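*Asks:* Next up is a structure, given as C-alpha cells.
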Amino acid sequence: MDGASLLQRYRRDRRKLLEFLLSSGLIKEIRTPAGSSTVSNLNLDALSIDYVLECIQSSRVVDVSVASKRYREELQQPITMQSHFGDSYFLLSGAETAGSPPRRIPPVVAYNYNNHTFSDSDLPSSRSGFENELKHAHPGPTKSLPRNHVHIPKIGLPTLQTGLLDDDLRESAYEIFLACLVFSRKMELHLNENRKKNSRFLAGLKNKRVKRHPMPDSFDRPSELIDIFRSQMQISEAMDSLIRQCLAAVAAGRAREQIDVPQIILGLLNGMLKSDFPNEKSYILWKSRQADILEELLSSAEYVNDKKQSVDILIDRIRNPEDWDTRMSPSERFEVLSAISHIALTLSSMPPKYGILGESYYWSAGYQLNIRIYEKLLVGLFDILEDDHLIEEAGEILNLLKSSWSMLGITQKLHNVIHAWVLFQQFVATNEAVLLDYSIHAMRNVLSAQDDDHMEDNYIQSLLCFTTWKGCPTRLSYLQSVILSISMWCDNKLQDYHLHFTEKPSLLNEVMSMALMVGAYSFESCDKNKFTGFEALDSTHYRKVKDYVESSIEAVSKRVTDSIGHGHRIDKTHPLTVLASELKFISEKEMAVFYPILQQFCPEVGIVSALKLHKIYGERLGPFLNDVSCLSEGVREVLTAAVLLEDCLFELYSLGKRQSAHYSARTNEFEYYKIGEVARPVILDWVIAQHARILEWTGRAFDLEDWEPLSHQQKQAASVVEVFRITEETVDQLFQMKLPVDITHLQALLSIIFHTLDAYLQKMVSQLVDKRDLYPPVPPLTRFKGTTFPVIKRKLAEAVVLDDEVHNKLNQLTISKLCVRLNTLQYIQRQITTLEDGIRRSWSTIRVIEDKICSEGNPPELSDGSSDMRDESMDELFVATFDCIRDSAANAIRKTCDFLGTRVVFWDLREAFVFHLYHGSVEGARLENVLPQFDNILNDVCGLIDDDLRDLVVSRIYKSSLEGYIWVLLDGGPSRAFSNSDVSMMEEDLRMLIDLFVSDGEGLPRSLVTEEAKAVQQIISLFSLQADSVIRMLMTSSRHMTAGHDVHQNDFRNIGDAQTLMRVLCHMKDAGASKFLKMHYNLPASSEYEENAREESVSGSPLIADLIKRSASLRLSDRGSSSFRSIKKKFHEATSDLRHVAW
C-alpha cells in the first residue's frame, strides 16, 4: 500500500477511534469553549488522542481547548517510537548506514511528496493537521515494509481536478451502487425503519471474522448481501438508511429511464438536508464531495467550455455553506440544481461515439472518475480485517455490481481489465499468492477474448492514460497501461528474483506466468497479437526468461561483491574466498529453490545461471591464478573455494543440460578454470615440505615419550597418537583442499606416511636390549659328588659387568613400559588400517568426481593423467606402503614380546626362579614358592596389556618360564643335582606351572600349554632313567652331532640331543654317571665349588665352548675351554672305548 493510502487510512481510523472514545460513556465530561458537550461539532483531527486517553485513565474531564493545545505542541516534536526513554526517532536516512542515533532533536525536514508513490488521485494542497503530523516522519525499513518492496507503477489515469480522496471515492461508489440497484428495478431496498439506530462504525464490524453461511434461496438474501457490502465499504447504518430513503424518493418520481451519475448526485443534493446528518461537519464534507463529483463530470467537457464559468459558479454556490444553507431558500437551491441538471441532460443527450448499447456521454468524458469509482467497488470485495482474502460472498456481490456497468461505462472486457488490475494491486500490497492467481485468470480472459465487438474495442482504446515507457512520456489505452504497469512490476521483481522471492519462492511461478503472459502483448499491434496460452512457449519467451536469470544473477553478484569490497573482515579471509563461498551459496539456492520453478518456462535456465556465475567469478580468479607461486594459506583457501564453486556450478550446468534436449547435442560450453595447471606443482611442493616437518615432529614426540598409558581405556603411548594426528592432519589437509591431485601427489603422501611410521618403529626397536644380556652366567659343568671332608672350594668365574648404556636401557624397559610399547604397536596396527581406508575413500571420491565430469563429455585438464590412475596401480601402491608398515609393526611386536618374556623370567625373577629353584635340593626349594610372584606379574601384565595382545604376551612369558625351568635342570650348576626320587616332585611342579598359565580356562588354552611343556617333561623323564641308559643314548647321539648349533635356540633341547644328555648326566645323583664323566671328560666334582655363589650381572663366561652359546657350556677342565672340534673328538673317543669296555 502506498504512502497516500496509508495516510488516509490512518486519518480515518484516528477519527473513528476518537469518535468511539468520546461517545462511549468512558469520559466523565466534555468541556468545550462554547459550553457545549456534544461531539458532532468538534474537529476531531485537531485533538490530541494521547490527552483523551490520559483523561479516560484518570477519570478527568476532557477539556477541548487543552486537547487542541496539546495536539499543536505534539506537532512541534519529532515522531518517536513508544520507547521508555522516548529517544528513538524516525530518520530520513537508513538506520544501517547512519550509525548511532543523534543525541539532539533532529531538524524539521519537509517531506518530499514528488518522490513518493500515491494512489491514482492526488492529494489537495491543504489537508488536516494530522497530515502535517506525518510530513516529517520517514520511518526506515520495518517488518511491515520490507526493504525489497517494489511499488507498482501508476497506470497514468488523468488526474482528478478536484483532488477527491480515496474515502470520497469509496463513499460515492457506494451511493452510486445503491442508486443503480434502485433504478435498475432488480431489487427492492428495504428501509428497515425498525432497525436499531447505531451511528458507530464499529458496530458494523461485529463478529466480522465469524464465518457466515450464505443462504442463496432466502427471500431476503439480496438485503443481506447489501448489508455485508455496506460494512465492507465502511458506511454507517445511519448514513446507509439516509441514502436509501433519498434514493427511494428520487426513484419514485421518475419513470424507468436511463439515469447517469450527475442526476443521482443532484437527486441526493435535493433530497438530503442538513438536518438529516448527525453533525454539521459530516454534512459539509458530504456536500463538498457531491460538488466535487459534479465538477469532475461537467467541467471536463469541451462542449461546455463556453459555459464553464457558469458551471463553476453554480457548483461553488453548493460548496459555500453560508450561501447554500443559510441565505438561499429552498426554491433558490432548486433553481441551482435545475440549472446544473439542464447542463447535465444536454450532455447526456449527445449521441454515443461508439454505438454501444446503453452508452452515454459520461462514459468517455468521465472515464477517469468512473474507473476509479468501479475500482473502489471491487476493492470492497476484500475483507477489511484480512485484506489478503476475499469475502465469502464476493461472487454474489460481484453479480450485483454489474448493475452499475451501464452507469459507469463498464463493459465485460473492461470489467476483466479493472478486476485483474485491482486483484494485482491487492496482491502487491499483501503478497498473497491466491490473489495473483485470480489476477492471472482475469488477465487471461482479457488477452484471449475474441475481437467480435469492434465497438467495444474502440471504446476501450479511447480510454487514454498518460505514463512513461522506456524513458519517454507515452499515451496508451487503459488496457495497454494496465498491462505495461503489471509488466514493469513483474520485470522489476524478476530481474532480481534472488532478492524478492527468497522468503517466498512459491510466488516466483505465478509472477513469471503473469510476466510472460503480459510480456507477449504488443502495444503497437495489440489487435493482432493474441495470447495463446503457455503450451506454445517459443524462443521469445525463452529469451525473456534467460534475460531474467542473467539480470538476477548479475544483481545478486553485484550485491555480494559490493558487500565484500566495503566490508572490513576481522578474520582476514581473502576476498576471492568469500566471493566463491557466497556465489556457491547462490548457486545452491538457484539449483534447489529457483531452478525447479524456472525450468518449467525454459529448460536452459540451469545452463544460463551456471555459465553466468562461472564467468563472473572467472573474471576475478584469472589474474589471481597468474600470480600463484606457492601454496600459502590464502592461496589454498582461494583455490579450494574456487574448486567447490566450480563443482557446484558444473552440477547445475549438467542438470540444465540433461533437461534441455537443445543443448544435449551441442558442444560443452563449460570451460574449467586453470586451477589444476596452477595447483599441481605447488601442491607437490607443499607435500614434500610436509615430509621434513612431520619427521621432525615425530622425532620430538618420541624423545619426549615417557611410555605411560594415556588413560585406563587408552593404553597406548601419547606419542603415537600425536604421530597419527599429525599424519592424518596432513592427509586431511591435502584432500580437504578439494584441489586436483594425481598419482604423483598420492605417491608423495604415502612416502611421508611410510617414512614417518617406519622411523617411529625403528626407534622403538632400537631401544630394546639384546636379550642375551639378560641370561645369567653359565656355571661350569661338574659331576655330582658329595663332600666327605673339608676342602678349599673353587669360586665360579666372575661375570662381565654391563656397560652403562645397556644398564640404563634396562632401567627404562620395565614390564609396565614394555606393555605400553606393545599397546602402542597394536595401536599402530589398527590405525594404519583406518588410515589406509580413509585415504582410499578420499581418493575414490576424487575419482568419482572426475569420472562424473568425464561422462559429461568434457573432461577437465586435471584428468589428463587418468591413464596412470588405474585401480591395479593404486592397489599395488597401497599394498607396497601399508603392508610393509604392518610387517614392521608385527616384527616389532614379536621382538618386544620375546624381550618381555625373557626379562620376566631371567631378570625380574632371576633370584627367585633361576637361582633359588631346586637350589641344594628339590624338596627344599620347590616351585610353589615362586608361583605367587609369577601370578602377580601375570596379573599386572594382563591389566596393562591390550586385550588383543594378552594371549601373545602371556604365551611368550610361559615359553620363557619353560626355558628358565630347563636352565635350572640342565644349567643349574654344581648346586643342583637330581635323583630318581626327585622326578615326581619336579613333574608336580611342572603341572603347577601349567595350571598357573591355564588359570581354570581363563588363561592360555590347555592344549597349547601342554604341547609347549613336552620338552620339559622329556628332560625330567631322563632323570628317572638309569645312568647307563643315558650314557648309551649319549653315545648314539654323538654319532649324529653336527657342528655350529647354538645351545640357546628358539626350539628347546630335545631328549636325543648330546648336549642335553651330557647335562643330565652332570646333574644326576648317580655314582656311575659321576665315574663316567670323570673318566672320560675329567669333569670336576660339584663339591669343589661354593654353593652360594651368585652373579648379579649378565655376562658371557670365558669357559663357554663353541658348542653352547646361549644357555650352557661344556666345561672340560678348570684351566680353560676347548674348541667344538676337540669336544667332538672326545665324544668319539669316549664312545669308542665304551664299545669295548663295560661299565
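Residue numbers for the sequence shown follow this note's numbering, beginning at 19 and rising by one. Just so it is clear, CB atoms sit at the ideal spot from N, CA and C, and this is done for glycine as well. Owing to the predicted nature of the structure, the values given are computational and were not obtained by experimental measurement.
Kindly indicate which residue of 711, 72, 392 has the alpha-carbon position closest to the one of residue 747.
*Replies:* The residue labelled residue 747 in the question sits at position 729 within the sequence shown. Nearest to residue 747 by alpha-carbon distance, out of 711, 72, 392, is 711.
*Asks:* So which of 46, 852, 93 has the shortest CA-CA distance to residue 78?
*Replies:* The residue labelled residue 78 in the question sits at position 60 within the sequence shown. Closest option to residue 78, Cα to Cα, is 46.
*Asks:* Can you give me the C-alpha to C-alpha distance between residue 365 and residue 569, rounded to a whole angstrom?
*Replies:* Numbered from its first residue, the sequence shown carries residue 365 at position 347. Numbered from its first residue, the sequence shown carries residue 569 at position 551. So the alpha carbons of these two residues sit roughly 52 Å apart.
*Asks:* Looking at C-alpha atoms only, which residue of 305, 847, 600 is the closest neighbour of residue 966?
*Replies:* Translated into positions along the sequence shown, residue 966 becomes position 948. Nearest of 305, 847, 600 to residue 966, Cα basis: 847.
*Asks:* Would residue 562 be called buried (16 or more neighbouring beta carbons within 10 Å of its own) or exposed?
*Replies:* Position 544 of the sequence shown, counting from 1, holds the residue named residue 562. Residue 562 is buried by the Cβ-count criterion.
*Asks:* Distance, Cα to Cα, residue 26 vs residue 642?
*Replies:* Locating residue 26 in the sequence shown gives position 8, where the first residue counts as 1. Locating residue 642 in the sequence shown gives position 624, where the first residue counts as 1. Using only the alpha carbons, I get a separation of about 57 Å.
*Asks:* Between the region 761-775 and the region 793-804, do at least 3 Cβ pairs fall closer than 8 Å?
*Replies:* Contact fails: fewer than three Cβ-Cβ distances are below 8 Å.
*Asks:* Where does residue 1129 land, buried or exposed, given buried means 16+ other C-beta within 10 angstroms?
*Replies:* Locating residue 1129 in the sequence shown gives position 1111, counting from the first residue. A caution first: residue 1129 carries a pLDDT of 32, below 50, which makes its placement in the model too unreliable to give a value.
*Asks:* Which class does residue 1107 belong to by DSSP, given the choice of helix, strand or coil?
*Replies:* Working through the sequence shown from its first residue, we reach residue 1107 at position 1089. Looking at residue 1107 - three-state DSSP - the assignment turns out to be strand.
*Asks:* With distances taken Cα to Cα, identify the nearest neighbour of residue 944 among 736, 409, 930.
*Replies:* The count along the sequence shown starts at 1 and reaches residue 944 at position 926. Distance from the Cα of residue 944 is smallest, within the candidate group 736, 409, 930, for 930.
*Asks:* Leaving out five residues before and five after residue 492 in sequence, what residues of the same chain have Cβ atoms less than 7 Å from its Cβ?
*Replies:* If you number the sequence shown from 1, residue 492 lands on position 474. Result list for residue 492: 485, 486, in chain order.
*Asks:* State the start and end residues of the unbroken alpha helix (DSSP H) segment that holds residue 363.
*Replies:* Taking the sequence shown and counting its residues from 1, one reaches residue 363 at position 345. Residues 348-366.
*Asks:* State buried or exposed for residue 268, treating a residue as buried only when at least 16 other CB atoms are found within 10 Å of its CB.
*Replies:* Reading the sequence shown from its first residue, position 250 is the one you call residue 268. Answer is buried; the Cβ neighbour count reaches 16.
*Asks:* Closer than 6 Å by C-beta to residue 494: which residues in its own chain qualify, once you throw out the five before and the five after it? Chain order, please.
*Replies:* Here residue 494 corresponds to residue number 476 of the sequence shown, with the count starting at 1. Contacts found: 483.
*Asks:* What are the start and end residues of the beta strand (DSSP E) that includes residue 699?
*Replies:* The residue given as residue 699 occupies position 681 in the sequence shown. No beta strand (DSSP E) contains residue 699, which is instead part of the alpha helix (DSSP H) from 693-721.
*Asks:* Tell me, please, whether the region 1004-1019 touches the region 1037-1055 by the rule of three or more beta-carbon pairs shorter than 8 Å.
*Replies:* yes
*Asks:* Going along the chain, which residues of its own chain have a beta-carbon closer than 6 Å to the beta-carbon of residue 596, five neighbours each way excluded?
*Replies:* As a working mapping, residue 596 is identified with position 578 in the sequence shown. So the qualifying residues of the chain are 582.
*Asks:* Does DSSP classify residue 927 as helix, strand or coil?
*Replies:* The sequence position of residue 927 within the sequence shown is 909, counting from 1. Shown here, residue 927 sits in coil according to DSSP, grouped into three states, outside any helix or strand.
*Asks:* Do you know whose CA, among 1012, 932, 1009, lies nearest residue 984's CA?
*Replies:* In the sequence shown, the residue the question calls residue 984 occupies position 966. The shortest Cα separation from residue 984 among 1012, 932, 1009 belongs to 932.
*Asks:* So, with DSSP's three-state summary, where would you put residue 487?
*Replies:* In the sequence shown, the residue the question calls residue 487 occupies position 469. It is a strand residue.
*Asks:* Could you tell me which of 288, 908, 393 sits nearest to residue 420, measuring between CA atoms?
*Replies:* Here residue 420 refers to the residue found at position 402 of the sequence shown. Selected option, being the one with the closest Cα: 393.
*Asks:* Please go through the same chain and pick out, in chain order, the residues whose beta-carbon is closer than 8 Å to the beta-carbon of residue 399, but skip the five residues on each side of it.
*Replies:* Residue mapping note: residue 399 aligns to position 381 of the sequence shown, counting from 1. Taken in chain order, the residues that qualify are 250, 408, 409, 412, 415, 416.
*Asks:* Work out the CA separation of residue 382 and residue 480 for me, nearest whole Å.
*Replies:* By 1-based counting over the sequence shown, the position of residue 480 is 462. By 1-based counting over the sequence shown, the position of residue 382 is 364. Straight-line Cα distance between these residues: approximately 8 Å.
*Asks:* Does the beta-carbon of residue 1088 have 16 or more other beta-carbons within 10 angstroms, so that it is buried, or is it exposed?
*Replies:* Start at 1 with the first residue of the sequence shown, and residue 1088 comes out as number 1070. Classification for residue 1088: buried.
*Asks:* How is residue 857 classed by DSSP in three states: helix, strand or coil?
*Replies:* For the purposes of this step, residue 857 is taken as residue 839 along the sequence shown, with counting starting at 1. When DSSP states are grouped into helix, strand and coil, residue 857 belongs to the helix group.
*Asks:* If residue 1078 sits next to residue 988, beta carbons under 8 Å apart, how far is it from one beta carbon to the other, in whole angstroms?
*Replies:* For the purposes of this step, residue 1078 is identified with residue 1060 of the sequence shown, where counting begins at 1. For the purposes of this step, residue 988 is identified with residue 970 of the sequence shown, where counting begins at 1. Residue 1078 to residue 988, Cβ: 7 Å. Contact.
*Asks:* Expressed to the nearest angstrom, what Euclidean distance is found between the alpha-carbon atoms of residue 623 and residue 422?
*Replies:* Here residue 623 refers to the residue found at position 605 when the sequence shown is read from its first residue. Here residue 422 refers to the residue found at position 404 when the sequence shown is read from its first residue. Pairing residue 623 with residue 422, the inter-Cα distance amounts to about 47 Å.
*Asks:* Hey, residue 602 and residue 662: beta-carbon distance below 8 Å or not?
*Replies:* Sequence index remark: in the sequence shown, residue 602 carries index 584 (1-based). Sequence index remark: in the sequence shown, residue 662 carries index 644 (1-based). The answer is yes: Cβ separation under 8 Å.
*Asks:* Using a Cβ-Cβ cut-off of 8 Å (strictly less than) and excluding sequence neighbours within five positions of residue 722, which residues of its own chain qualify?
*Replies:* In the sequence shown, counting from the first residue as 1, residue 722 sits at position 704. Same-chain partners within the cutoff: 737.
*Asks:* Residue 949 lies in the alpha helix (DSSP H); which residues open and close that run?
*Replies:* Here residue 949 refers to the residue found at position 931 when the sequence shown is read from its first residue. 949-962 is the extent of the alpha helix (DSSP H) around residue 949.
*Asks:* Mapping the DSSP letters down to three states, classify residue 30 as helix, strand or coil.
*Replies:* Here residue 30 refers to the residue found at position 12 when the sequence shown is read from its first residue. Note: residue 30 maps to helix in three-state DSSP.
*Asks:* Are the C-beta atoms of residue 449 and some chain B residue less than 8 Å apart?
*Replies:* Absent here is chain B; the protein component of the structure consists of one chain.
*Asks:* Please classify residue 648: is it buried, with 16 or more other beta-carbons within 10 angstroms of its beta-carbon, or exposed?
*Replies:* Indexing the sequence shown from 1 puts residue 648 at position 630. Counting Cβ neighbours within 10 Å, residue 648 comes out exposed, since fewer than 16 surround it.
*Asks:* State yes or no: is the C-beta of residue 1010 within less than 8 Å of the C-beta of residue 949?
*Replies:* As a working note, residue 1010 is residue 992 in the sequence shown. As a working note, residue 949 is residue 931 in the sequence shown. Yes.
*Asks:* In the DSSP assignment, the alpha helix (DSSP H) including residue 983 goes from what residue to what residue?
*Replies:* Within the sequence shown, residue 983 is the residue found at index 965, counting from 1. Element bounds for residue 983: 968-989.
*Asks:* Measure the Cβ-Cβ separation of residue 713 and residue 773 and say whether it is below 8 Å.
*Replies:* Taking the first residue of the sequence shown as 1, we reach residue 713 at position 695. Taking the first residue of the sequence shown as 1, we reach residue 773 at position 755. Cβ distance < 8 Å, so residue 713 and residue 773 count as in contact.
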